[in-house]
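The opening position of the sequence shown corresponds to residue 247 in this note's numbering, with each subsequent residue numbered one higher. Encoded as structure tokens, the structure appears first; notes follow it.
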Amino acid sequence: MTTFPFPIEHKRALCNGVNIHYIKSGSGPVVLSMHGWPENSREYLSIIERLGDRYTFISPDLRGFADSDKPFGVRGDKQGETQRQSG
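Right under this line is the structure:
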């Protein structure tokens, strides 16, 4: 991709004390695109390039990935969350 047809906004949202980075691009109904492991929000740029004239894409970097916060001592899996909640 040499030139991107839509502006890409880099934004942040504070979620449970963690800054989550996300990109927003395109216009139209919103599509929330969630990356898998070990990817990041940029995985959707080629899709945004093709469909951004019809949809607004919001693509976050999940906690601990890419430009989102990586909190110390926080496990990003179900076992870690269960341990945290049970004390």
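Cβ atoms here follow ideal geometry from the backbone N, Cα and C, with glycine treated the same way.
Three-state class that DSSP yields for arginine 258 in the structure shown: strand
Closest residue to phenylalanine 318 among Leu308, Val264, Ser292 (Cα-Cα distance): Val264
Nearest residue (CA-CA) to proline 251, options Ile304, Asp307, Ile294, Ser332: Ile294
Segments of 3+ residues assigned as beta strand (DSSP E) that fall wholly inside the segment 272–316: 276–278, 302–306
Three-state secondary structure (DSSP) of phenylalanine 318: coil
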